[in-house]
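Peer 1: To start, I am sharing the structure in question, which I have written as structure tokens.
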Amino acid sequence: METLIANNYILIIVTIGTTLIGCVSGILGTIITLKKEALVGNALAHASFPGVILSFMIMKNKNMELLLFGAGCFSAISLFIIKKIKKYSKIKYDSSLALILSGFFGLGQVLLSIVQNTGNPDQSGLENFIFGEVATILFSDIEIISIISIIVICIIILLRKEIKLFIFDEEFFKSLGYSSKFLDSLITILVIVVIMIGIRFVGVILMTSVLIAPSIAARQWSNFFYNNLILSGFFGGISGLLGTLISLNNPDLSIGPIIVVISSLIAVASIIFKKVK
Amino acid sequence: MNLEILSILILTSFTCSLIGVFISLRKMAMLMDAISHTVLLGVVLVYLIAKDINSPFLIIGASIICVLTVYLIEILSNLNIEKGAAIGLIFPLFFSIGVLIMDRELKNSQISVNSALFGKLEFIIFERFKINDFDLGPLALCIALIIAIITTVFIIFFYKELKLISFDKIFAKTSGVSVLIVHYLFLSLISVTAVASFNVVGVILVISLIIGPSITSLLFTKDLKKTIYLSIIIGIFNSLLGYIVAFKYDIAISGVVSSINIGLFLLALFARGMNEYYRRKLS
């Protein structure tokens, strides 16, 4: 047993990381799906792409914390722009999401082509943020990602009652003296944080599915909020776990799409199961 | 400067900004995003059978997958799943399957993940359209021209019906317009456009060509006809500007065009806001 663990040390660490990511995105995804803001995550994840490239251009190295910090900043900027468009125009909400996600992704492509033109040898690997990858991940990266995931899960567990009230009965929630603005911002920050740590594994394009699919699956099995959170975290974790195992055995397949296919199939199976039942 | 690339880009953005007006009015922007992503699966599946990226079946087959996507999303919405969530479930699944098939079966073939994401406008002119060795120009230019003509004819022919279902679905139903037929015809049209644009600008940036010009023009006018004209003008202007900038600095064309699309929209929003602010201050 000991030699098995020693031989597969990296594999085990990577698997723990992806399972945690799947779990935390599933839990948080339940909240945003119930808030009917499922597609915001899609726009924010796409918008983080230029942030990764820009922080590489400024800092000239691929330090994970800095790249992810850049990603988070751009997610926040894009969210700010979406809110401003909503405030100052009558443009339909989904149009502004679509504009933001394609515009920012385009900006990312421009920055990437500038970096590639400079011929800096360090830049290889930046495009891994599009579909995610685990082969070259460092132990320290997994450490950061795991710690952040656990913190996010703890915050949600501690605030579960408040979040439940906020989602289902905002008026009552306000009348109890809580600030719905504060909780709303907190959830948004958590979404951005989870996107930041998730894009390294599943990539910016498919991040939305990791958030949404487990929560749709969980919704088919139970109508209770807490059960939904637990089930969704479980489905997300399982997808992350299986996805990593399959990807490590098939190195030519990207890990992001594998995780997405597994979690979506769980969701589709749950929908069919409920329908048949 | 390469006039062939420029004309492909301008024709594509003409078509996109034309249908974009109806897509933004009908709240189909994210649905269009889903369609443009699933094009990848359609293209990959047809390519596996036909083994030819220029096969005419590619456009038909991939369009069928796109319409199927929309149909699946509608089924899920009827099963008590919120529409946004349904979109977010279906398109990543199809897109991922497409990417995985490409990773596994189509290494070193004519389609790559990179060109699927960003398009390959820079290289597209090397595929020529020849009849008996007589060069009629790049194949993509011919396709773009045909799609532009079909779209224009469709919009002119069904203008009244499209206007009705965009603004007042219930009235459209009662006045005898068969909403369902126009809806699915329109879906097929945008699917064909998405497939044709796939090669030119890639799956993500086509949304920018479709949404950017149309919502910029919707900021300034409420009249449908004026919106359409303005949208086309803005679309062509953005592509032209984008091409010039990209050519000058030797960077990715499609990325520059979509950055300009969002940039111009935000500029227009800001200018309109300032204008209103000062008007209120003066009066």
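Going down the list, the sequences are from chains A and B.
Residue 168 in our numbering sits at position 92 of the first sequence, with consecutive numbering throughout.
Residue 201 in our numbering sits at position 197 of the second sequence, with consecutive numbering throughout.
A virtual CB, placed ideally from N, CA and C, is assigned to each residue, including glycine.
No experiment lies behind these values; they were computed from the predicted model shown.
#1: If the cut-off is 8 Å on Cβ atoms, which residues from the segment 90-115 of chain A count as contacting chain B, listed in chain order?
#2: Does the beta carbon of residue 331 of chain A come closer than 8 Å to any beta carbon on chain B?
#3: Of all the CB atoms in chain A, is at least one closer than 8 Å to the CB of residue 28 of chain B?
#4: What is the C-beta distance between residue 100 of chain B and residue 280 of chain A, in whole angstroms, given that I count them as a contact (C-beta under 8 Å)?
#5: Comparing the C-beta of residue 254 of chain B with each C-beta of chain A, is any distance below 8 Å?
#6: State the beta-bridge partners of residue 276 of chain A as determined by DSSP.
#7: Between residue 120 of chain A and residue 209 of chain B, what straight-line distance do the alpha-carbon atoms span, to the nearest angstrom?
#8: CB residue 311 of chain A to CB residue 342 of chain A, shorter than 8 Å?
#9: Any contact of the segment 196-203 of chain A with the segment 133-147 of chain A, i.e. 3+ C-beta pairs under 8 Å?
#10: Establish whether the CB of residue 195 of chain A and some CB of chain B are separated by less than 8 Å.
#11: Sort out for me which residues DSSP pairs residue 132 of chain B with in a bridge.
#12: Under 8 Å between C-beta atoms, does residue 305 of chain A make it to chain B?
#13: Taking Cβ to Cβ, would you say residue 192 of chain A is nearer than 8 Å to residue 258 of chain B?
#14: Check for me: the alpha helix (DSSP H) holding residue 351 of chain A runs from which residue to which?
#15: Using the three-state DSSP reduction, which class does residue 164 of chain B fall into: helix, strand or coil?
#16: Straight-line CA distance for residue 294 of chain A to residue 141 of chain B?
#17: Give a yes or no on whether the C-beta atoms belonging to residue 131 of chain A and residue 142 of chain A are separated by under 8 Å.
#18: I'd like to know if residue 355 of chain A contacts chain B, where contact means its C-beta is closer than 8 Å to some C-beta of that chain.
#19: Is residue 207 of chain B closer than 8 Å to residue 213 of chain B when the C-beta atoms are compared?
#20: State the DSSP-derived secondary structure class of residue 289 of chain B, mapped to helix, strand or coil.
#21: Of all Cβ atoms in chain B, is any one closer than 8 Å to the Cβ of residue 216 of chain A?
#22: Give the straight-line distance between the Cα atoms of residue 73 of chain B and residue 65 of chain B, rounded to the nearest whole angstrom.
#23: Considering only C-alpha positions, which residue in the set A:104, A:99, A:88, A:111 is nearest to residue 245 of chain A?
#24: By the three-class DSSP mapping on this structure, what secondary structure does residue 268 of chain A have?
#25: Short check: CB of residue 154 of chain A to CB of residue 256 of chain B, under 8 Å?
#26: Looking at the structure shown, is residue 207 of chain B part of a helix, part of a strand, or coil, going by DSSP?
#27: Nearest chain B C-beta to residue 121 of chain A closer than 8 Å, yes or no?
#28: Got a sec: is the Cβ-Cβ distance from residue 118 of chain A to anything in chain B below 8 Å?
#29: Near residue 327 of chain A, what residues of its chain come up, given a Cβ to Cβ distance below 8 Å and the 5 sequence neighbours on each side ignored?
#30: Considering only residues of the same chain and omitting the five flanking positions on each side of residue 392 of chain A, which have a CB-CB separation below 6 Å?
#31: Can you list the residues of chain B that residue 328 of chain A reaches, using a CB-CB cut of under 7 Å?
#32: Quick check on residue 54 of chain B - is its C-beta less than 8 Å from some C-beta in chain A?
#33: In the DSSP assignment, the alpha helix (DSSP H) including residue 250 of chain A goes from what residue to what residue?
#34: When burial is assigned at 16 or more other CB atoms within 10 Å of the CB, is residue 272 of chain A buried or exposed?
#35: If you measure beta-carbon to beta-carbon, which residues of the segment 166-186 of chain A are closer than 9 Å to chain B?
#36: Report the neighbours of residue 243 of chain B on chain A: residues whose CB is nearer than 7 Å to its CB, in chain order.
Peer 2: Per the coordinate set shown:
#1: Cβ contacts with chain B: 109, 112, 113, 114, 115.
#2: In the first sequence, residue 331 of chain A corresponds to position 255, counting from 1. Chain B, which has no Cβ nearer than 8 Å to the Cβ of residue 331 of chain A, makes this no.
#3: As a first step, residue 28 of chain B is located in the second sequence; it is residue number 24 there, counting from the start. For residue 28 of chain B, the answer is yes, since a Cβ of chain A falls inside 8 Å of its Cβ.
#4: Within the second sequence, residue 100 of chain B is the residue found at index 96, counting from 1. Within the first sequence, residue 280 of chain A is the residue found at index 204, counting from 1. That belief does not hold up - the Cβ atoms of residue 100 of chain B and residue 280 of chain A are roughly 14 Å apart, past 8 Å.
#5: For this step, residue 254 of chain B is matched to residue 250 along the second sequence. Taking 8 Å as the threshold, the shortest C-beta distance from residue 254 of chain B to chain A falls below it.
#6: As a first step, residue 276 of chain A is located in the first sequence; it is residue number 200 there, counting from the start. Beta bridge pairing from DSSP links residue 276 of chain A with no other residue.
#7: For the purposes of this step, residue 120 of chain A is identified with residue 44 of the first sequence, where counting begins at 1. For the purposes of this step, residue 209 of chain B is identified with residue 205 of the second sequence, where counting begins at 1. Cα-Cα distance, rounded: 16 Å.
#8: As a first step, residue 311 of chain A is located in the first sequence; it is residue number 235 there, counting from the start. As a first step, residue 342 of chain A is located in the first sequence; it is residue number 266 there, counting from the start. Contact: yes.
#9: For the pair of segments examined, the segment 196-203 of chain A was found to touch the segment 133-147 of chain A: the number of CB pairs separated by less than 8 Å reaches three.
#10: Taking the first sequence and counting its residues from 1, the one referred to as residue 195 of chain A is at position 119. Not closer than 8 Å to any Cβ of chain B, the Cβ of residue 195 of chain A fails to qualify, so no.
#11: Locating residue 132 of chain B in the second sequence gives position 128, where the first residue counts as 1. According to DSSP, residue 132 of chain B bridges with B:142.
#12: Locating residue 305 of chain A in the first sequence gives position 229, counting from the first residue. False, the Cβ-Cβ gap to chain B never drops below 8 Å.
#13: Here residue 192 of chain A corresponds to residue number 116 of the first sequence, with the count starting at 1. Here residue 258 of chain B corresponds to residue number 254 of the second sequence, with the count starting at 1. Contact: no.
#14: On the first sequence, position 275 is the one that residue 351 of chain A refers to. Segment 331-352, the alpha helix (DSSP H) holding residue 351 of chain A.
#15: If you number the second sequence from 1, residue 164 of chain B lands on position 160. Three-state result, residue 164 of chain B: helix.
#16: Here residue 294 of chain A refers to the residue found at position 218 when the first sequence is read from its first residue. Here residue 141 of chain B refers to the residue found at position 137 when the second sequence is read from its first residue. Separation of residue 294 of chain A and residue 141 of chain B (C-alpha to C-alpha, rounded to the nearest whole angstrom) is 53 Å.
#17: The residue given as residue 131 of chain A occupies position 55 in the first sequence. The residue given as residue 142 of chain A occupies position 66 in the first sequence. Going by C-beta atoms, residue 131 of chain A is nearer than 8 Å to residue 142 of chain A.
#18: Limits of chain A in this structure are 77 at one end and 353 at the other, which puts residue 355 of chain A out of reach.
#19: Here the question's residue 213 of chain B lines up with position 209 in the second sequence. Here the question's residue 207 of chain B lines up with position 203 in the second sequence. Going by C-beta atoms, residue 213 of chain B is not nearer than 8 Å to residue 207 of chain B.
#20: Given a span of 5 to 287 for chain B in the structure shown, any question on residue 289 of chain B remains unanswerable.
#21: Translated into positions along the first sequence, residue 216 of chain A becomes position 140. Residue 216 of chain A is outside the set of residues whose beta carbon lies under 8 Å from a beta carbon in chain B.
#22: Reading the second sequence from its first residue, position 69 is the one you call residue 73 of chain B. Reading the second sequence from its first residue, position 61 is the one you call residue 65 of chain B. Cα to Cα, residue 73 of chain B sits roughly 13 Å from residue 65 of chain B.
#23: Residue 245 of chain A sits at position 169 when you count from the first residue of the first sequence. Nearest option by C-alpha distance: A:111.
#24: Residue 268 of chain A sits at position 192 when you count from the first residue of the first sequence. Residue 268 of chain A falls in the helix class under three-state DSSP.
#25: Residue 154 of chain A sits at position 78 when you count from the first residue of the first sequence. Residue 256 of chain B sits at position 252 when you count from the first residue of the second sequence. Contact flag unset, no.
#26: Residue 207 of chain B sits at position 203 when you count from the first residue of the second sequence. Three-state result, residue 207 of chain B: coil.
#27: Walking along the first sequence from the start, residue 121 of chain A turns up at place 45. Taking 8 Å as the CB threshold, residue 121 of chain A stays off the interface with chain B.
#28: Start at 1 with the first residue of the first sequence, and residue 118 of chain A comes out as number 42. Answer yes: the Cβ-Cβ gap between residue 118 of chain A and chain B drops below 8 Å somewhere.
#29: The residue you call residue 327 of chain A lines up with position 251 of the first sequence. Here the set comprises 211.
#30: This structure gives no information on residue 392 of chain A, because the portion of chain A shown stretches from 77 to 353.
#31: Numbered from its first residue, the first sequence carries residue 328 of chain A at position 252. What residue 328 of chain A touches in chain B: 107, 108.
#32: Residue 54 of chain B sits at position 50 when you count from the first residue of the second sequence. Under the 8 Å criterion on CB atoms, residue 54 of chain B is classed as non-interfacial with respect to chain A.
#33: Reading the first sequence from its first residue, position 174 is the one you call residue 250 of chain A. For residue 250 of chain A, the enclosing alpha helix (DSSP H) starts and ends at 246-251.
#34: Indexing the first sequence from 1 puts residue 272 of chain A at position 196. Result: buried.
#35: Within the segment 166-186 of chain A, the qualifying residues are 166, 167, 168, 169, 170, 171, 172, 173, 174, 175, 176, 177, 178, 179, 180, 181, 182, 183, 184, 185, 186.
#36: The sequence position of residue 243 of chain B within the second sequence is 239, counting from 1. Those within 7 Å of residue 243 of chain B in chain A number zero; the least Cβ separation is about 13 Å.
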